[in-house]
Amino acid sequence: MKTPATDSLAALSASLRIVWTSAPAWILPVALLSVIGELPEAWLRYSARGYYAELTAGGGMEPLGVQALAMAGLIGLMFSLTMQLVAVAWGFLVISEVAAGRPAGIAEGLRRTLAWRLQLSWLVSAFLVSTAHRLWFIGGCFLLLPFGFAPSDAYERATGMSAISRAGKLGFSVGPHGGKLGVPMAIVSTGLLLATAVIDTVLSTVNAMLSPAVNLGGLTDLVARLTSSPGSAVDLLGAVVMAILPEPSVAGVALTLLEAPWPVLAQIVVFAVPVVVYHDAMRIDAARERPVLDPT
458 MKTPATDSLA ALSASLRIVW TSAPAWILPV ALLSVIGELP EAWLRYSARG YYAELTAGGG
518 MEPLGVQALA MAGLIGLMFS LTMQLVAVAW GFLVISEVAA GRPAGIAEGL RRTLAWRLQL
578 SWLVSAFLVS TAHRLWFIGG CFLLLPFGFA PSDAYERATG MSAISRAGKL GFSVGPHGGK
638 LGVPMAIVST GLLLATAVID TVLSTVNAML SPAVNLGGLT DLVARLTSSP GSAVDLLGAV
698 VMAILPEPSV AGVALTLLEA PWPVLAQIVV FAVPVVVYHD AMRIDAARER PVLDPT
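All letters in the sequence shown, in the order written, are residues 458 to 753 by our numbering.
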């Protein structure tokens with residue numbers, strides 16, 4: 458019988474099924490957190506050009522205007538990343554509970570995450586898994602073979618840093634049909650990340666068509682300045698800033714907020730794959746005459 462740890466299609470279908478069945482317990486708070494996290498970017502998208510124009514209205518304030526906008530952008534980015542992190546963690550905890558056969562909910566997941574042994578191992582293993590995801594296009598997802606099961610092992614067994622070595626043993630162990638138990642996880646994760654990249658490209662294209670991220674008029678003025686009389690460095694800097702800041706656009710704000718949940722939902726789906734495959738791999742290993750992992 459094909460199972461998530463022995464077959465890629467089984468891993469994909471089981472992961473999507475877990476995501477779908479658990480969605481009522483996490484999708485609303487995750488979507489709300491995602492939208493809240495994008496509010497600073499939406500505000501900047503609509504107001505940045507006018508804000509910069511006010512700062513530079515008296516002349517000679519371009520550096521101050523750039524610094525103010527840069528600081529606002531940095532704060533907005535940090536806020537957005539924090540909200541995304543909380544949203545992804547929320548989805549991960551609920552899916553982990555459901556995949557383990559426990560009731561869907563956030564309370565048990567939060568209790569587990571407070572265990573001190575989990576903190577460092579989860580931080581390190583999550584970084585390794587995220588690195589594998591970011592490098593998927595050059596085969597990075599095969600880093601999931603040694604590291605992909607570590608976050609789930611740390612979460613389920615409170616194993617501390619030993620979760621990383623346990624994950625490697627389990628991922629490289631041979632299944633009942635002769636394949637490595639971590640391979641379906643790597644293949645499915647790569648496929649999902651490829652699909653995510655395609656959808657991201659489509660959404661970016663639609664967004665650019667309906668609400669261009671670059672102000673075309675300002676860009677034309679900048680090109681004219683560069684080809685004729687660029688003026689002082691301060692004047693040139695001001696022209697560059699005005700060229701890259703878009704005109705206020707209600708459509709752009711609406712699109713930014715509507716698209717906000719998408720990257721978080723995509724991350725949750727991808728992170729669900731190691732969770733689902735881990736539980737099946739643990740079941741297979743426990744059924745061996747000589748398990749690879751210590752059952753205690």
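Every residue gets a Cβ at the ideal spot worked out from N, C-alpha and C, and that includes glycine.
Report the partner residues of valine 631 according to the DSSP bridge assignment.
-> Lys637
Using 10 angstroms around the beta-carbon of glutamine 576, count the other beta-carbons present and answer buried if the total reaches 16, otherwise exposed.
-> exposed
Just mark methionine 572 as buried or exposed, buried being the case when its beta carbon has 16 or more other beta carbons within 10 Å.
-> Strictly speaking, residue 572 in this sequence is alanine, with methionine absent from that position. With fewer than 16 other Cβ atoms within 10 Å, it is exposed.
Where isoleucine 621 falls: helix, strand or coil (DSSP) | helix
Sort Pro603, Ser465, Leu592 by Cα distance to leucine 627 and report the nearest one.
-> Pro603
Is isoleucine 552 buried or exposed, if buried means 16 or more other CB atoms sit within 10 Å of its CB?
-> buried
Can you give me the Cβ contacts of alanine 544 inside the same chain, cut-off strictly under 7 Å, excluding the 5 residues immediately before and after it?
-> Val487, Leu490, Ser491, Val721, listed in sequence order.
Check threonine 713 in the structure and name its three-state DSSP category.
-> helix
Looking at C-beta atoms only, is the number of pairs between the stretch 607–616 and the stretch 652–666 that lie closer than 8 Å three or more?
-> no
By Cβ distance below 7 Å, which residues in the same chain neighbour arginine 623 in space, the five residues on each side in sequence not counted?
-> Around arginine 623: Asp610, Thr616, Leu750.
Would DSSP call glycine 566 helix, strand or coil?
-> helix
Quick one, are the C-beta atoms of glutamate 498 and threonine 713 less than 7 Å apart?
-> yes
Report yes if the C-beta of glycine 548 is less than 6 Å from at least one heavy atom of the ligand SAM; otherwise report no.
-> Ligands in the displayed structure: none, and consequently the ligand SAM is not present.
Mind listing, in chain order, the continuous alpha helix (DSSP H) runs of no fewer than 4 residues lying wholly within the stretch 559–617?
-> 564–570, 573–591, 601–604, 607–614
Please confirm if the stretch 633–641 is in contact with the stretch 460–470, defined as three or more CB-CB distances below 8 Å between the two stretches.
-> At 8 Å Cβ cutoff, the stretches touch.
Endpoints, alpha helix (DSSP H) assigned at arginine 740 = Note, arginine 740: alpha helix (DSSP H), 718–743.
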